[in-house]
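Notes to accompany the following structure.
There are 2 protein chains.
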Amino acid sequence: MARDEIGFSHPDEETLSLEAIFHALSDPYRLRIVQALAASAAPMNCGDLSFGRPKSSMSHHFRILRAAGVLHTTSQGVEHMNSLRRAALDRRFPGLMAAILGETGHPAAAPAARGLAPA
Amino acid sequence: MARDEIGFSHPDEETLSLEAIFHALSDPYRLRIVQALAASAAPMNCGDLSFGRPKSSMSHHFRILRAAGVLHTTSQGVEHMNSLRRAALDRRFPGLMAAILGETGHPAAAPAARGLAPA
DNA sequence: TCGTTTGTTCGATAAAAATGGAACTAAGCC
DNA sequence: GGCTTAGTTCCATTTTTATCGAACAAACGA
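Below you can see the structure in the form of structure tokens.
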């Protein structure tokens, strides 16, 4: 369990489990957080990822995503910046995030994972 | 919702959701069921996939896997034969099952999803 | 028809998760 | 120091899941 500076604890890459990742992604808000982060070039703070829900509720969701190793959070001033742990996830479960996010070799493919209506 | 002969109801391919699939796979027994089915050439009955747990408990897990569209079940005599809905899952979420099962282009890759120790 | 096998359904209980207000902490600004 | 902003932690409540015995149902064979 790596403890970043004075910050959050994120699980080591080797300990990431499919089970925890799936649990983390089985909640609609958490899935939206992941999708929003994937779509964003830059890290995003918690407020921007709260979808109008109470802070305490969202803080709970961030914690679960962090604990599953999906998210990485660092403090920058008053805010907490979140990003996907994409490289670690890709090494540990190659193709998983790509499939979830609807990134396939074929640009026309993966309609469902991109939120588009199926052909 | 397709209702097979006199049998089980399985969701239509178009309605499969990542969220439901993730929830289904976030339980250890359910994940093992999926992995066992993937490893098996032939469909398997419920007893062979029960890992020594009570029937009523496992029946519950089968129902969730079916409702998520992960599993397909048919009656054959007294037994219920289960198989992965691999084709439907692959069409709807290309690469997802391959990543979960640790099937990658490179035979040496995806150690974690195949249950092997990471290099 | 009776008994056996396989699995589902019911129902009660226990365990786990989600929710959100309130109090609190850390960082920055005046 | 006092004030503001951004999140976390605490705590109680609700909701959802999991667990598993017991009763039930369907298919088959003797």
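Chains as they are written, first to last, in the UniProt record's numbering: chain A, 1 to 119; chain B, 1 to 119.
Think of the CB as a built atom: it goes at the ideal place given N, C-alpha and C, for glycine as much as any other residue.
For clarity, every value in this text was computed on a predicted model and none was experimentally measured.
The Cβ of Pro-11 (chain A) sits no closer than 8 Å to any Cβ of chain B. In terms of Cβ geometry, Leu-25 (chain A) and Leu-31 (chain A) form a close pair [threshold 8 Å]. Residue pairing by DSSP places Gln-76 (chain A) opposite A:Glu-79 in a beta bridge.
With a threshold of 8 Å between beta carbons, Glu-79 (chain A) makes no contact with chain B.
Chain A has no Cβ within less than 8 Å of the Cβ of His-72 (chain B). Each of B:Arg-66, B:Ser-75, B:Gly-77, B:Glu-79 was checked against the Cα of Leu-89 (chain B), and the nearest Cα belongs to B:Arg-66. Chain A places no beta carbon closer than 8 Å to that of Ala-87 (chain B), leaving this residue out of the contacts.
Taking a 10 Å sphere around the C-beta of Ala-99 (chain B), we find 16 or more other C-beta atoms and assign the residue as buried.
Within chain A, Gly-95, Ala-98, Ala-99, Thr-104 have C-beta atoms less than 7 Å from the C-beta of Gly-95 (chain B), given in sequence order. Counting C-beta pairs with one atom in each stretch, the region 10–22 of chain A and the region 59–76 of chain A have three or more that are closer than 8 Å, which means they touch. Within 8 Å of the CB of Leu-25 (chain B), the CB atoms of chain A belong to Leu-18, Glu-19, Phe-22, in sequence order along the chain. Cβ contact annotation for Leu-16 (chain A) (same chain, cutoff 8 Å, sequence separation greater than five): Ala-68, Gly-69, Ala-88, Leu-89, Arg-92, Phe-93, in chain order.
Restricting attention to A:Pro-43, A:Met-81, A:Ala-39, the CA atom closest to the CA of Gly-102 (chain A) is found in A:Ala-39.
For Leu-49 (chain A), the nearest beta carbon of chain B is not closer than 8 Å to its own beta carbon.
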